[in-house]
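Letter by letter, the sequence shown follows residues 0 to 305 of numbering that gives the first Met the number 0. Here a beta-carbon is modelled for each residue, glycine too, at the ideal position from N, C-alpha and C. None of the values given here were measured: they were computed from a predicted structure. Below is one structure, written out as structure tokens, with a few remarks after it.
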Amino acid sequence: MPDTRLTARSNPTQPATAVRVADERIGGAAFTVIAGPCSVEGRDMILRTAASVRASGARLLRGGAFKPRTSPYAFRGLGHAALQLLAEAREVTGLPVVTELMDARELDAVDAVADVIQIGARNMQNFSLLAAVGERRTPVLLKRGMSATVSELLLAAEHVMAHGNANVILCERGIRTFETSTRNTLDISAIPVLKQETHLPVIVDPSHAAGRADLVPALAAAAVAVGADGLIVEVHPDPAAALSDGAQSLTIEAFAAMMRMLAPLAGMCGRSLELPAGVPAGPTLGIPGDGVLIESGAHAMLRVCA
Ligand code: PEP
Ligand code: MN
């Protein structure tokens with residue numbers, strides 16, 4: 000019986016689908032990096048972060064307006080005001096905007112601004128929300144639930160596509176395991192498994208996987224190496240002062256350093272990651288722990304291959 004699921008890659012020769020977002024194609028030859036703060040916290044910080052990540056080679060801007068928080072007392076986002084700030088950041092930088100939708104009652108407002116609607120891990124099986132975004136044509140970034148199998152992720156994507164929206168991008172963001180040294184466990188195997196089973200683009204969120212900024216470049220390098228189509232990364236101008244997810248957010252400088260490390264690695268893996276001229280150079284990755292991890296990983300490999 001042929002596999003008739005909309006997400007299925009029925010045979011290895013079936014071409015992968017690239018999802019178009021403005022002038023970008025996620026899932027094509029380019030390795031696409033989405034970057035920005037966990038939450039939009041104010042005008043200056045989002046404009047500054049957007050300009051900086053763009054200057055380092057990010058092609059889309061992320062920023063949460065409506066935030067799913069484990070504690071109801073934590074910062075839950077600036078809501079509609081944040082959507083306006085994201086629209087302004089796009090106006091100024093030209094970067095398309097990725098932002099999360101938590102509640103179908105906000106769909107019109109989010110869809111009016113978002114170039115990509117993010118469905119977060121906690122809502123991966125919110126079937127009415129999946130149906131609601133399935134009725135639109137705006138691309139959907141669907142994050143894997145923290146206890147969801149690959150097959151459940153694909154079925155969640157199927158819910159969106161069955162309603163007519165074929166523009167789905169899958170995201171591995173770490174799953175919950177017994178390990179406590181990281182916030183989640185990046186399921187690196189899920190990427191090649193997904194690339195075999197579906198034609199949809201697959202990106203990786205190393206920030207929510209690690210929960211620690213110092214591990215983000217190493218996980219990002221791993222994502223490139225296993226064939227992911229891109230990354231979504233949290234970047235904050237002052238992570239120590241962030242209102243959400245500061246511990247896992249890269250500084251602007253660390254993001255630039257990571258991009259310099261990833262560009263040649265992407266090239267070696269058959270993907271293009273073009274950086275704008277003048278991405279600030281620096282001797283180290285500028286990450287806590289002075290880049291030891293990367294020195295022994297991708298960087299060392301790059302030096303050997305250079
Ligand atoms: C986020 O992207 O900020 C987020 C809340 O991600 P996740 O749904 O993967 O936890
Ligand atoms: Mn976050």
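{"query": "Please work out which residues of its chain come closer than 7 Å, Cβ to Cβ, to L261, disregarding the five sequence neighbours upstream and downstream, and give them in chain order.", "result": "A219, A220, V223 and L272"}
{"query": "Put E40 into one of helix, strand or coil per three-state DSSP.", "result": "coil"}
{"query": "For R47, which residues from the same chain have a beta carbon less than 7 Å from its beta carbon, with the 5 sequence-adjacent residues on both sides left out?", "result": "P236"}
{"query": "Taking only runs of the beta strand (DSSP E) that begin and end inside the segment 6-65, which ones reach a length of at least 3 residues, in chain order?", "result": "18-20, 23-25, 31-35 and 59-61"}
{"query": "Anything with a beta carbon under 5 Å from a heavy atom of the ligand MN counts; list them all in chain order.", "result": "C37 and D244"}
{"query": "In whole angstroms, what separates the C-alpha of A246 from that of E233?", "result": "10 Å"}
{"query": "Could you tell me how far apart the beta carbons of V115 and L140 are, in whole angstroms, since I believe they sit closer than 8 Å?", "result": "5 Å"}
{"query": "Does the distance from the C-beta atom of F254 to that of S38 stay below 8 Å?", "result": "no"}
{"query": "Taking only heavy atoms of the ligand PEP into account, decide whether any of them is closer than 7 Å to the Cβ of T235.", "result": "First, the amino acid is wrong: residue 235 is His here, not Thr. Because no heavy atom of the ligand PEP lies under 7 Å away, the Cβ of H235 does not count as near it: no."}
{"query": "Taking the straight line between their C-alpha atoms, what separation do you get for L185 and R61?", "result": "20 Å"}
{"query": "For L59 versus L94, is the C-beta distance shorter than 8 Å?", "result": "yes"}
{"query": "Using a threshold of 8 Å, state whether the C-beta atoms of H198 and T3 are closer than that.", "result": "no"}
{"query": "Do L82 and A57 have their beta-carbon atoms positioned less than 8 Å apart in this structure?", "result": "no"}
{"query": "In terms of DSSP beta bridges, what is K142 paired with?", "result": "C170"}
{"query": "At which residues does the alpha helix (DSSP H) containing T92 begin and terminate?", "result": "H79 to T92"}
{"query": "Is G229 near the ligand PEP - that is, is its Cβ less than 7 Å away from at least one heavy atom of it?", "result": "no"}
{"query": "Classify N164: buried if its beta carbon has 16 or more other beta carbons within 10 angstroms, exposed otherwise.", "result": "buried"}
{"query": "Run through DSSP, which three-state label would L185 get?", "result": "coil"}
{"query": "Check the DSSP bridge columns for Q124 and list the partner residues they point to.", "result": "BP columns for Q124 are empty, so no partner."}
{"query": "Here's a check: name, in chain order, each residue in its chain whose Cβ is nearer than 7 Å to the Cβ of A120, leaving out the five neighbours to either side.", "result": "K142, R143, G144, M145 and R172"}
{"query": "Excluding the 5 residues flanking D244 on each side, which residues of the same chain have their C-beta closer than 6 Å to its C-beta?", "result": "C37 and E233"}
{"query": "Using 8 Å for Cβ pairs, my map puts H207 next to R182. What's the rounded Cβ distance?", "result": "7 Å"}
{"query": "Start and end of the beta strand (DSSP E) containing E99?", "result": "V96 to E99"}
{"query": "One question on the structure: do V203 and K194 come within less than 8 Å of each other, judged by their Cβ atoms?", "result": "no"}
{"query": "Sorry if obvious, but does the Cβ on H79 come closer than 7 Å to a heavy atom of the ligand ADP?", "result": "By its list of ligands, the structure shown excludes the ligand ADP, since it contains just the ligand PEP and the ligand MN."}
{"query": "Is E178 helix, strand or coil by DSSP?", "result": "coil"}
{"query": "Using 8 Å for Cβ pairs, my map puts A29 next to R270. What's the rounded Cβ distance?", "result": "7 Å"}
{"query": "Using 10 angstroms around the beta-carbon of A217, count the other beta-carbons present and answer buried if the total reaches 16, otherwise exposed.", "result": "buried"}
{"query": "Can you grab the Cα-Cα spacing for the pair R53 / P1, in whole Å?", "result": "43 Å"}
{"query": "Leaving out five residues on either side along the sequence, give the residues of the same chain with a beta carbon under 7 Å from the beta carbon of E105.", "result": "F65"}
{"query": "According to the Cβ coordinates, are L230 and V32 closer than 8 Å?", "result": "yes"}
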